[in-house]
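Peer 1:
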Amino acid sequence: MKMSLSISKQIRPLLHIPSTTTLRHGPLKEKVVVVMGATGTGKSRLSVDLATRFSAEIINSDKMQVYHGLDIVTNKITDEERSGVPHHLLGVVDPESDFSPANFRAMASISMRSILSRGQLPMIVGGSNSFIEALVDMNFRSKYECCFLWVDVAMPVLDSFVSDRVDKMVERGMVDEVREFYKPNADYSRGIRRAIGVPEFDKFFRVESFCDEETRARILTDAIESVKMNTSMLARIQLQKIHRLRKIKGWRVHRLDATDVFMKRGGEAEAAWEKLVSGPGAAVVSRFLYDSETVVRGGVTAMRGSVAPPLLATASH
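At position 169 of the sequence shown the residue is numbered 224 (our numbering), and the sequence of numbers has no breaks.
(1) Given this structure, state the Cα-to-Cα distance separating His80 from Ser172, to the nearest angstrom.
(2) Compute the Euclidean distance between the alpha carbons of Leu83 and Gln175, then round it to the nearest angstrom.
(3) Got a sec? Which residues, its chain only, sit under 6 Å from Glu112 by beta carbon, not counting five neighbours each side?
(4) So, at 7 Å on beta carbons, what are the nonlocal neighbours of Trp385 in its own chain, with the 5 sequence-adjacent residues on each side left out?
(5) Identify which residue in Ala163, Ser164, Val103, Val262 has its Cα closest to the Cα of Glu329.
(6) Go ahead and pull the three-state DSSP assignment for Ile113.
(7) Short of 7 Å in beta carbon distance, which residues of its chain neighbour Arg220, apart from the five on each side in sequence? Order them along the chain.
(8) Between the C-alpha atoms of Glu151 and Glu200, what's the straight-line distance to the nearest angstrom?
(9) Output needed for Ala241: all residues of its chain with C-beta closer than 7 Å, excluding positions within five of it in sequence on either side, in chain order.
(10) My understanding is that Phe260 touches Tyr243, with C-beta atoms under 8 Å, so please give their C-beta distance in whole angstroms.
(11) Can you name the residues that DSSP bridges to Arg310?
(12) Using only alpha-carbon positions, find the residue among Asp277, Asp134, Val332, Arg271 that is nearest to Pro254.
(13) What does His142 pair with, by DSSP beta-bridge criteria?
(14) Here's the rule: buried if 16 or more other CB atoms are within 10 angstroms of the residue's CB, otherwise exposed. What is Val262?
(15) Nearest to Arg246 by CA position, among Met167, Met318, Leu125, is which residue?
(16) Would DSSP call Pro177 helix, strand or coil?
(17) Who are the Cβ neighbours of Glu232 in its own chain at under 7 Å, not counting the five residues just before and after it?
(18) Per DSSP, what are the beta-bridge partners of Gly92 in this structure?
(19) Would you decide whether Ser341 is buried or exposed? Buried here means 16 or more other CB atoms lie within 10 Å of its CB.
(20) Give the range of the alpha helix (DSSP H) segment to which Tyr345 is assigned.
(21) Does the Cβ of Gln293 have 16 or more other Cβ atoms within 10 Å, making it buried, or fewer, making it exposed?
(22) Measure the beta-carbon distance from Val212 to Ala290 and round it to whole angstroms, keeping in mind my assumption that it falls under 8 Å.
(23) Going by the beta-carbon positions, is the gap between Ala209 and Thr314 smaller than 8 Å?
(24) Please state whether DSSP places Val191 in a helix, a strand or coil.
(25) Could you check if Gly139 is buried or exposed, using at least 16 other CB atoms within 10 Å of its CB as the buried criterion?
(26) Alpha carbon to alpha carbon, what distance is there between Ser215 and Phe195?
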């Protein structure tokens with residue numbers, strides 16, 4: 056018996072707790088990153104940057120991008136822009152059906168469990184704050200720990216960007232895309248037809264075959280200007296909702312100011328994006344995931360004073 060006790064003492068592992076480690080009480084929660092912001096601020100770009108650094112998969116929370124079709128109008132991220140990062144709830148819903156916040160909560164929860172089962176980080180990304188609010192309720196917070204990132208751009212700068220973006224969407228074929236989807240008796244209160252860029256062209260499609268070229272050009276210009284105005288109005292509404300969620304829900308939201316990025320061009324804009332948005336965003340997520348002081352270099356995150364995290368995926372170009 057003494058020999059058995061002696062052996063058991065010899066093989067018992069020593070418990071070593073680094074001085075930087077904090078003991079937690081209660082069950083550990085799974086971690087989720089939420090990227091918020093008004094339309095056009097760069098949420099999709101940031102989410103792909105972060106996903107390639109932290110082995111994440113993205114769950115779309117844009118209420119129009121969940122629908123199949125009208126990829127230009129709804130400004131869906133392209134296959135090239137995704138950089139191989141898996142995207143969920145993107146272009147999967149029947150465009151004629153309604154998709155409520157409750158529907159989103161149910162489907163996003165399924166996607167999250169699937170992502171976590173593969174050892175990946177779920178990242179919820181989109182400007183539809185009603186979807187995010189429906190998902191992140193008390194029951195959700197009891198199971199998951201959330202990191203909220205908010206990409207922000209000053210409104211005058213964003214207005215200018217939105218105007219230019221709509222012009223580029225027209226150049227890419229937005230009008231023809233909507234024309235193929237047009238129905239004279241369509242219900243613009245249901246499904247994807249609620250998207251900005253669809254009802255604005257109704258008058259144009261009704262009269263384009265019966266009016267002269269000058270009138271047709273004027274009506275088309277008015278429709279395009281309405282798309283720009285309504286998009287800018289949407290951005291303001293989305294911004295108000297973010298402020299409301301911060302105040303009422305008490306969410307700790309990390310603001311990333313991308314205004315200077317939008318005021319630069321070329322290489323200067325790329326450098327400003329990394330310095331002001333992508334780099335700081337990665338640092339916030341790294342601290343959130345690993346609970347330690349972090350250093351982010353070249354797409355790989357390392358830590359000071361703790362056990363190193365798993366090797367992170369780097370973006371391929």
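By construction, the Cβ of each residue, glycine as well, lies at the ideal position given by its N, Cα and C atoms.
Peer 2: Well, looking at it:
(1) Within the sequence shown, residue 80 is the residue found at index 25, counting from 1. Within the sequence shown, residue 172 is the residue found at index 117, counting from 1. With a pLDDT of 49 at His80, under the threshold of 50, the modelled position of this residue cannot be trusted; read the value that follows with caution. Distance between the alpha carbons of His80 and Ser172 is about 24 Å.
(2) Counting from one through the sequence shown, the residue named residue 83 turns up at place 28. Counting from one through the sequence shown, the residue named residue 175 turns up at place 120. One C-alpha to the other measures close to 16 Å.
(3) For the purposes of this step, residue 112 is taken as residue 57 along the sequence shown, with counting starting at 1. Same-chain partners within the cutoff: Pro141, Ile170, Gln175.
(4) Lying outside 56 to 372, the shown extent of the chain, residue 385 is not represented and no answer is given.
(5) Here the question's residue 329 lines up with position 274 in the sequence shown. Of the listed residues, the one whose Cα sits closest to Glu329 is Val103.
(6) In the sequence shown, counting from the first residue as 1, residue 113 sits at position 58. The answer is strand: DSSP assigns Ile113 an E or B state.
(7) Here residue 220 refers to the residue found at position 165 of the sequence shown. Same-chain partners within the cutoff: Gly95.
(8) Numbered from its first residue, the sequence shown carries residue 151 at position 96. Numbered from its first residue, the sequence shown carries residue 200 at position 145. Looking at the two C-alpha atoms, the distance is approximately 35 Å.
(9) Position 186 of the sequence shown, counting from 1, holds the residue named residue 241. Cβ neighbours of Ala241 beyond the five flanking positions: Arg248.
(10) As a working note, residue 260 is residue 205 in the sequence shown. As a working note, residue 243 is residue 188 in the sequence shown. At roughly 13 Å, the Cβ-Cβ gap does not stay under 8 Å, so Phe260 and Tyr243 are not in contact.
(11) Translated into the one-based positions of the sequence shown, residue 310 becomes position 255. Note: Arg310 sits in a beta bridge opposite Trp205.
(12) Your numbering for residue 254 matches position 199 in the sequence shown. Closest by alpha carbon: Asp277.
(13) Here residue 142 is taken as the residue at index 87 of the sequence shown, counted from 1. For His142, which the question treats as bridged, DSSP gives the partners Ile113.
(14) Reading the sequence shown from its first residue, position 207 is the one you call residue 262. Counting Cβ neighbours within 10 Å, Val262 comes out exposed, since fewer than 16 surround it.
(15) In the sequence shown, residue 246 corresponds to position 191, counting from 1. The sequence given here places Gly at residue 246; Arg does not occur at that position. The candidate whose alpha carbon is nearest that of Gly246 is Leu125.
(16) Taking the sequence shown and counting its residues from 1, one reaches residue 177 at position 122. DSSP places Pro177 in strand when its eight states are reduced to three.
(17) In the sequence shown, counting from the first residue as 1, residue 232 sits at position 177. Excluding residues within five positions, the ones whose Cβ falls inside 7 Å are Leu125, Ile127, Val128.
(18) The residue given as residue 92 occupies position 37 in the sequence shown. DSSP lists Val206 as partners of Gly92.
(19) By one-based count along the sequence shown, residue 341 stands at place 286. So Ser341 counts as buried.
(20) Translated into the one-based positions of the sequence shown, residue 345 becomes position 290. Element bounds for Tyr345: 334-345.
(21) Numbered from its first residue, the sequence shown carries residue 293 at position 238. Classification of Gln293: buried, given that the 10 Å Cβ count is 16 or more.
(22) Counted from its first residue, the sequence shown places residue 212 at position 157. Counted from its first residue, the sequence shown places residue 290 at position 235. In fact, because the Cβ distance is near 11 Å, the residues do not count as touching under 8 Å.
(23) Position 154 of the sequence shown, counted from the start, is the residue given in the question as residue 209. Position 259 of the sequence shown, counted from the start, is the residue given in the question as residue 314. Against a cut-off of 8 Å, the Cβ pair of Thr314 and Ala209 comes out as a contact.
(24) Here residue 191 is taken as the residue at index 136 of the sequence shown, counted from 1. Looking at Val191 - three-state DSSP - the assignment turns out to be coil, as it is neither helix nor strand.
(25) Locating residue 139 in the sequence shown gives position 84, where the first residue counts as 1. Per the 10 Å Cβ criterion, exposed.
(26) Taking the first residue of the sequence shown as 1, we reach residue 195 at position 140. Taking the first residue of the sequence shown as 1, we reach residue 215 at position 160. Spanning the two alpha carbons is a distance of roughly 37 Å.
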